[in-house]
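Trainee:
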Amino acid sequence: MIGSTIAHLAVAQGAQVTVLDALLPMYGGNPFNLHKILDRIDFVQGDIRDFEVLKEAVKGADYIFSLAAQVSYVDSNIHPLLDLDINCRGHLNLLNACVQANREARIVFTSSRFVYGTIEYNPVDEKHPFNCLSIYGINKLAGEKYYRFYRDAYGLQTVSLRLANPYGPRQQMKHSKYGIVNWFMRLALEGQPLTVYGEGSQRRDYIFVEDVAEAAVYAALSSETEGQVYNVGSGIGTPFKDMVSLVAACVPGTEIRQVEWPKDRYFVETGDYISDITRITQATGWQPRTSLKDGIAQTLDYYRQHRDRYW
Ligand SMILES: NC(=O)c1ccc[n+]([C@@H]2O[C@H](COP(=O)([O-])OP(=O)(O)OC[C@H]3O[C@@H](n4cnc5c(N)ncnc54)[C@H](O)[C@@H]3O)[C@@H](O)[C@H]2O)c1
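All you need for this note's numbering is the position in the sequence shown, starting with 1, plus 350.
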């Protein structure tokens, strides 16, 4: 989702773009995400765990957006070694490839709000303690540390972004293991009810994918960001039930059901999460631009047109 959105943005700016993706089943890689620009980019089907492929791919790049990941926090706790393999070893591979083949590129790594885990205060700034509740969160934190280490030890120009809750066109819609906003849009489009646990009052910071993509580009272009870690979110806390109501309002006839919290969900529930985005806005001038209402409407339009490509 995010990588293909950055690719569209970069192609529109006249950049020469290479996309590397393993297209592993059950993750978000989908050739249709690139169909409009496929004739203007180089596409490499490759795995970040394959050092030689990476070494070739990073040669000559001015900017590297390092997004490949095992993205599901739920799966990370079930398959911790797979998460370690992709989210840690894969990224060490990329950093080593850059040391050998390209020390000049600016590299943007996408981390996650999940490094914070249980939230102690809101809005969450970058100094918030790390109370990780998942292997995914722990390995994303390790990733940030690797990117910082390679900057200090080898002079690579790296920056990490802790993303809140991205949603938008081109996300996978096959399962609900990550990206709940998109998943609810699928359910609504299929005429299924939307289920809210408890009061649905937990607040989340939903951010439209184009805003995330722009944040990544701003972070790459600014010289002030080197070696830093920034939160990227909308800066707005939306109660879960309000997000659900916005989805339902765009798909007439959608039923909303309230049920009790299942016990296994409590374990990974972080509490309210709202990003403090002061540091990235001050360093780069980036600002999120799309309201949740508009973002949901745009996303639904996309899947109404292209649903057969996603599920
Ligand atoms: N979507 C979210 O909720 C969210 C939240 C916070 C952070 N992030 C981070 O943002 C980044 C992009 O996520 P997204 O939302 O675009 O998800 P996505 O699933 O659409 O993109 C991840 C991409 O990585 C590719 N990939 C997975 N393993 C790979 C490997 N070993 N080698 C090469 N490619 C591989 C997948 O094929 C997929 O295209 C990820 O690093 C993710 O952890 C996402």
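Note that CB positions come from ideal geometry on N, CA and C, so glycine has one too.
1) Is DSSP giving Phe-620 helix, strand or coil here?
2) DSSP on Gln-542, reduced to helix/strand/coil?
3) For the stretch 436-451 against the stretch 591-599, are there 3 or more C-beta pairs whose distance is under 8 Å?
4) DSSP three-state call for Gln-395: helix, strand or coil?
5) Of all the options Gln-507, Val-531 and Ala-538, which has the alpha carbon lying nearest to the alpha carbon of Leu-571?
6) State the Cα-Cα distance for the pair Asp-644 and Ile-606, rounded to the nearest angstrom.
7) Is Ile-624 near ligand 1, with its Cβ less than 7 Å from a heavy atom?
8) Does the stretch 417-424 come close enough to the stretch 479-498 to have 3 or more Cβ pairs within less than 8 Å?
9) Helix, strand or coil, according to DSSP, for Arg-520 in the structure here?
10) Please list the terminal residues of the continuous alpha helix (DSSP H) segment that includes Val-562.
11) Would Pro-473 count as contacting chain C if we go by Cβ distances under 8 Å?
12) Ligand 1 and Ala-419: does any heavy atom of the ligand fall closer than 7 Å to the residue's C-beta?
13) Less than 6 Å between C-beta atoms, sequence neighbours within five positions excluded: which residues of the same chain meet that for Ser-354?
14) Exposed or buried, Gly-603, counting other C-beta atoms within 10 Å across all chains shown (16 or more means buried)?
15) For a test of your reading of the model: does the CB of Leu-373 fall under 7 Å from any non-hydrogen atom of ligand 1? Yes or no.
16) Kindly provide the ranges of any alpha helix (DSSP H) runs that are 4 or more residues long and lie completely inside the stretch 442-499, ordered along the chain.
17) Taking the beta strand (DSSP E) that Val-403 falls in, what are its first and last residues?
18) If you compare alpha carbons, which of Thr-545, Tyr-547 and Tyr-580 is closest to Val-562?
19) Do the CB positions of Phe-401 and Ala-447 come within less than 8 Å of each other?
20) Per DSSP, which one or two residues make a beta bridge with Tyr-653?
Mentor: Straight from the coordinates:
1) Sequence check: residue 620 is Thr here, not Phe. In the structure shown, Thr-620 sits in coil (DSSP, three-state: anything other than H, G, I, E or B).
2) Three-state DSSP puts Gln-542 in coil, outside helix and strand.
3) no
4) strand
5) Gln-507
6) The C-alpha of Asp-644 lies about 20 Å from the C-alpha of Ile-606.
7) no
8) Contact holds between the stretch 417-424 and the stretch 479-498, because three or more Cβ pairs, one in each stretch, are under 8 Å apart.
9) In the structure shown, Arg-520 adopts coil according to DSSP, grouped into three states.
10) Note, Val-562: alpha helix (DSSP H), 559-571.
11) Absent from the structure: chain C. Only one protein chain is present.
12) yes
13) Asn-383, Leu-384 and Arg-520
14) exposed
15) yes
16) none
17) Element bounds for Val-403: not the beta strand (DSSP E) but the alpha helix (DSSP H), 401-408.
18) Tyr-580
19) yes
20) Checking the DSSP bridge columns, you'll see Tyr-653 has no partner listed.
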